[in-house]
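In numbering that gives the first Met the number 0, the protein residues as written are 0 to 464.
The C-beta atom is built at its ideal place from N, Cα and C for all residues, glycine as well.
The structure displayed is predicted, hence computed values, not measured ones.
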Amino acid sequence: MKRHGLAVIALAAAVGVPAAAADRPIIETSGTSVTLRPGGGPVPRQYFGLHISKLLQPHKSGRQSLWPDLDFGSWRLWGAYVAWRDLEPQRGEFRFTRLDTYVRLAQTKNVELILTFGYTPTWASARPGEPCVFGTRGCAAEPADLDDWRDFVSTVAKRYKGQIRAYELWNEPQFDEDGEHRQPDQTYYSGSAASMVAMGRVAYRAIKDADPAAIVLSPAVVSSARRLDTFLRLGGTGTFDVVAYHFYGAPPERMVDDTSALKRVLARYGLDRLDIWNTEMGYYFERPRLGIAPTDRRQLFSDVIPERLAAAYVVRALTLGAALGLKRFEWYDWDSETPPSELPMGLASDDGSKPNAAGRAYARAIQWLRGWTIDNCTGQKAGLWSCLLHQDGPVEYLVWSAGSNEGWRVPAPGGYAMPLEDGACFRKVAAGAGVDVGPMPWVVLMAEAPPPAAEPLCDEAGHPR
Numbered sequence: 000m001k002r003h004g005l006a007v008i009a010l011a012a013a014v015g016v017p018a019a020a021a022d023r024p025i026i027e028t029s030g031t032s033v034t035l036r037p038g039g040g041p042v043p044r045q046y047f048g049l050h051i052s053k054l055l056q057p058h059k060s061g062r063q064s065l066w067p068d069l070d071f072g073s074w075r076l077w078g079a080y081v082a083w084r085d086l087e088p089q090r091g092e093f094r095f096t097r098l099d100t101y102v103r104l105a106q107t108k109n110v111e112l113i114l115t116f117g118y119t120p121t122w123a124s125a126r127p128g129e130p131c132v133f134g135t136r137g138c139a140a141e142p143a144d145l146d147d148w149r150d151f152v153s154t155v156a157k158r159y160k161g162q163i164r165a166y167e168l169w170n171e172p173q174f175d176e177d178g179e180h181r182q183p184d185q186t187y188y189s190g191s192a193a194s195m196v197a198m199g200r201v202a203y204r205a206i207k208d209a210d211p212a213a214i215v216l217s218p219a220v221v222s223s224a225r226r227l228d229t230f231l232r233l234g235g236t237g238t239f240d241v242v243a244y245h246f247y248g249a250p251p252e253r254m255v256d257d258t259s260a261l262k263r264v265l266a267r268y269g270l271d272r273l274d275i276w277n278t279e280m281g282y283y284f285e286r287p288r289l290g291i292a293p294t295d296r297r298q299l300f301s302d303v304i305p306e307r308l309a310a311a312y313v314v315r316a317l318t319l320g321a322a323l324g325l326k327r328f329e330w331y332d333w334d335s336e337t338p339p340s341e342l343p344m345g346l347a348s349d350d351g352s353k354p355n356a357a358g359r360a361y362a363r364a365i366q367w368l369r370g371w372t373i374d375n376c377t378g379q380k381a382g383l384w385s386c387l388l389h390q391d392g393p394v395e396y397l398v399w400s401a402g403s404n405e406g407w408r409v410p411a412p413g414g415y416a417m418p419l420e421d422g423a424c425f426r427k428v429a430a431g432a433g434v435d436v437g438p439m440p441w442v443v444l445m446a447e448a449p450p451p452a453a454e455p456l457c458d459e460a461g462h463p464r
């Protein structure tokens with residue numbers, strides 16, 4: 000199938016900056032054309048988030064992951080062995096050692112924490128004998144007694160008051176539109192939407208009583224806003240401060256339609272001004288050393304994508320998330336292992352020691368997005384995209400193709416261009432010159448003289464000086 004491309008064009012020029020955008024995100028569509036106006040200010044460090052699993056739990060090799068060599072600002076504690084069953088394996092018996100370590104580490108690294116609730120312990124489960132694909136029996140069921148749930152949530156929120164920034168009600172409930180679930184052994188939550196609403200009411204009150212400044216996130220639904228609609232229709236309004244959603248899907252431009260659908264649901268309940276956090280998203284990446292090869296691309300989440308396209312997807316997704324006005328983007332993940340035990344989704348090498356190609360692209364996205372304000376993005380859903388960003392004086396354009404290669408013309412006064420790939424360098428590009436937007440990202444700094452950020456520069460042969 001056709002390979003999708005990306006280029007990122009960043010221009011820093013002493014030119015006029017457009018008037019400030021509205022303070023709320025706007026999505027405008029006309030046929031296949033899209034305009035995004037995210038509003039707000041510069042993209043903050045906290046926008047860039049990760050999942051990290053193997054800091055304390057060893058890999059199959061016996062080694063533990065190193066702290067990511069990335070300047071990210073938030074950490075979602077899912078898959079980090081601090082779910083309900085880990086923290087309270089028996090009623091009233093709490094084990095906080097691991098979570099205490101994470102909290103201290105996050106404070107040292109100046110990283111905000113999101114704790115996601117999930118995995119009911121067997122002793123508390125409404126269906127303790129029910130198979131659970133993710134471990135102990137009964138772990139996908141709702142609690143049999145809401146008092147047990149209240150005690151757990153309250154104990155955690157009191158202990159970590161002022162230390163855990165946000166609590167997420169549950170991970171990926173997949174009940175049907177009628178609020179029921181019919182595949183209990185294939186999900187993180189096997190209960191009804193009505194039960195989740197009851198849990199949400201209890202958890203919200205317990206958290207706010209213990210830590211009024213904490214942020215409460217909705218259940219993080221995945222793939223379909225209809226599940227959130229069901230939750231809200233059955234009484235879920237008033238149980239959260241921020242909407243959590245998982246934007247899995249390929250290519251990254253699918254996020255536009257998903258966000259539009261999500262906003263339509265929220266508008267029906269008068270909640271369209273709530274912030275949206277992308278608390279989980281990622282892709283399967285090839286692992287040449289392990290013999291995991293790319294698959295034919297069907298534009299499905301299950302596609303295994305090649306390394307260079309993986310780098311493109313990472314930058315496109317992070318750029319679009321910010322352009323859509325999402326306030327957090329928790330990438331899944333840093334250090335997951337590969338089949339048969341886990342999925343090949345990590346931004347790190349197989350032992351979690353250093354960034355792989357996708358991880359290095361994540362670092363470059365931080366470099367060219369953090370601290371910039373996105374004024375607007377315009378594009379075709381399967382074609383050329385262009386985003387305008389600014390700082391106090393410099394201006395940036397981010398440009399990519401979601402389909403076949405296309406040309407993008409460099410505006411005056413020209414600048415310095417570099418593809419966002421390993422070993423690349425900046426080359427001078429004249430005003431009016433065309434940049435062939437291909438499968439890898441580019442950054443172009445717009446200035447008549449090379450700005451300080453234009454390092455390394457290319458020599459006449461196109462090699463780094």
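Same chain, Cβ closer than 6 Å to residue i, neighbours up to 5 away in sequence not counted
i             : result
alanine 125   : Ala140, Glu141 and Ala143
lysine 326    : Asp274 and Trp276
alanine 82    : Gly117 and Tyr118
serine 259    : Ile26
alanine 197   : none
arginine 200  : Thr238
aspartate 210 : Ala156 and Lys160
Classification of residue i by the beta-carbon crowding that lies within 10 angstroms, buried from 16 upward
i              : result
glutamate 395  : buried
threonine 229  : buried
leucine 168    : buried
serine 335     : buried
asparagine 109 : exposed
proline 451    : exposed
histidine 58   : buried
alanine 430    : exposed
arginine 23    : exposed
histidine 462  : exposed
aspartate 458  : exposed
arginine 62    : exposed
alanine 192    : buried
serine 217     : buried
Cβ-based neighbour list, residue i, same chain, cut-off 7 Å, excluding 5 preceding and 5 following
i             : result
proline 127   : Thr121, Arg136 and Gly137
glutamine 298 : Ala249 and Pro250
serine 60     : Asp350
N-terminal and C-terminal residue of the alpha helix (DSSP H) that residue i is part of
i                 : result
glutamine 45      : Glutamine 45 -> no alpha helix (DSSP H), and no H or E assigned at all.
threonine 258     : 253-267
alanine 310       : 306-322
phenylalanine 230 : 224-230
Between the CA atoms of residue j and residue i - distance to the nearest angstrom
i                 : j             : result
leucine 104       : glycine 39    : 30 Å
tryptophan 330    : proline 354   : 13 Å
alanine 224       : arginine 426  : 44 Å
phenylalanine 328 : tryptophan 77 : 14 Å
glutamate 447     : proline 410   : 12 Å
glycine 437       : alanine 310   : 12 Å
serine 194        : lysine 207    : 20 Å
aspartate 435     : arginine 75   : 37 Å
phenylalanine 246 : glycine 161   : 28 Å
serine 301        : threonine 294 : 9 Å
leucine 227       : glycine 433   : 44 Å
Boundaries (first-last residue) of the beta strand (DSSP E) holding residue i
i              : result
lysine 427     : 426-428
tryptophan 276 : 275-280
aspartate 374  : 372-379
glycine 382    : Taken as a continuous stretch (DSSP letters only), glycine 382 belongs to no beta strand (DSSP E), as it is neither H nor E.
glycine 113    : First, the residue type needs correcting, since residue 113 is isoleucine and not glycine in the sequence shown. Segment 111-115, the beta strand (DSSP E) holding isoleucine 113.
leucine 419    : Premise fails: leucine 419 is in no beta strand (DSSP E) and is neither H nor E.
serine 60      : Here serine 60 belongs to no beta strand (DSSP E), and DSSP marks it neither H nor E.
tyrosine 166   : 165-167
tyrosine 203   : Counting along the chain, tyrosine 203 falls outside any beta strand (DSSP E), though it belongs to the alpha helix (DSSP H) covering 192-209.
leucine 444    : 441-445
Three-way DSSP call (helix, strand, coil) for residue i in this model
i                 : result
phenylalanine 151 : helix
threonine 96      : helix
proline 455       : coil
proline 214       : Correcting the residue identity first, residue 214 is isoleucine in this sequence and not proline. Three-state DSSP puts isoleucine 214 in a strand.
phenylalanine 174 : coil
methionine 406    : Note on identity: in this sequence residue 406 is glycine, with methionine being the wrong assignment. It is a strand residue.
valine 81         : coil
aspartate 435     : strand
tyrosine 244      : strand
arginine 23       : coil
tryptophan 74     : strand
arginine 369      : strand
proline 287       : helix
Close-in-space but distant-in-sequence residues of the same chain around residue i (CB under 8 Å, 5 per side omitted)
i                 : result
aspartate 147     : Arg90 and Ala123
alanine 381       : Thr31, Glu252, Ala401 and Gly402
aspartate 421     : Ala356 and Arg359
phenylalanine 133 : Tyr118, Ala139 and Tyr187
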